[in-house]
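Engineer:
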Amino acid sequence: MVSLDSDADGIVTLRFAPPYADNDERAYLDALAELGRREEPFLLLTVFGGGRKLSQAGEREQAIWFKRTRAQFGALCGACAIVRPGATEAMADVFRRLWPFPISLETDEAAARAFLLKHRRAA
-6 MVSLDSDADG IVTLRFAPPY ADNDERAYLD ALAELGRREE PFLLLTVFGG GRKLSQAGER
54 EQAIWFKRTR AQFGALCGAC AIVRPGATEA MADVFRRLWP FPISLETDEA AARAFLLKHR
114 RAA
């Protein structure tokens, strides 16, 4: 299951978690495209179930998205919290090299939201 939701705190939540479906890869890549079209500042909460990997073509499309949206995404996203089973600081360091905003690995969504709210931009 893939979903992309926004809340009143300016947090955009991208979920890629069970129950998995055949069209999840396409839905995830479409959600990335939607994130790339955002024009307002936001905070990103990613929640990954850890049970699915992208195909080689999906990895390639994701890499192209990273390159194409890097400047705008980096300017608009105030911080990113990643909730993912088995995630390591080495994985977070890869994202830290890609993006200019603070990134944190968290064990649960409550901790992730708390991290993000500390980075909310003043209106």
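With this note's numbering, letter number 15 in the sequence shown gets 8, and the count goes up by one each step, no holes.
The beta carbon of each residue, even a glycine, is placed where N, CA and C say it ideally should be.
Just so it is clear, the structure is predicted and the values come from calculations on it, not from any experiment.
#1: If you follow the alpha helix (DSSP H) that G29 is in, where does it begin and where does it stop?
#2: How big is the Cα-Cα spacing for A115 and G3?
#3: Do the segment 46 to 56 and the segment 67 to 86 make contact, defined as three or more Cβ pairs closer than 8 Å?
#4: Please work out which residues of its chain come closer than 8 Å, Cβ to Cβ, to F59, disregarding the five sequence neighbours upstream and downstream, and give them in chain order.
#5: Taking T81 as the reference, give the member of G43, A103, L98 with the closest Cα.
#6: For I57 and V87, I'd like the C-alpha separation in whole angstroms.
#7: Leaving out five residues before and five after D101 in sequence, what residues of the same chain have Cβ atoms less than 8 Å from its Cβ?
#8: On the DSSP bridge list, what partners appear for V87?
#9: What would DSSP say about A116, mapped onto helix, strand or coil?
Structural biologist: By the coordinates alone:
#1: 17 to 29
#2: For A115, the predicted model reports a pLDDT of 48, less than 50, meaning its position is unreliable and no value from the coordinates is stated.
#3: Remark: fewer than three beta-carbon pairs, one from each stretch, lie closer than 8 Å, so the segment 46 to 56 and the segment 67 to 86 are not flagged as touching.
#4: Cβ neighbours of F59 beyond the five flanking positions: L91.
#5: L98
#6: 16 Å
#7: Once the five neighbours on either side are set aside, the close Cβ partners of D101 are V76.
#8: Answer is none; V87 lacks a bridge partner.
#9: At A116 the pLDDT is 36, less than 50, meaning the model places this residue with poor confidence; the figure from the coordinates comes in the next sentence. Assignment of A116 by DSSP, reduced to helix, strand and coil, places it in the coil class.
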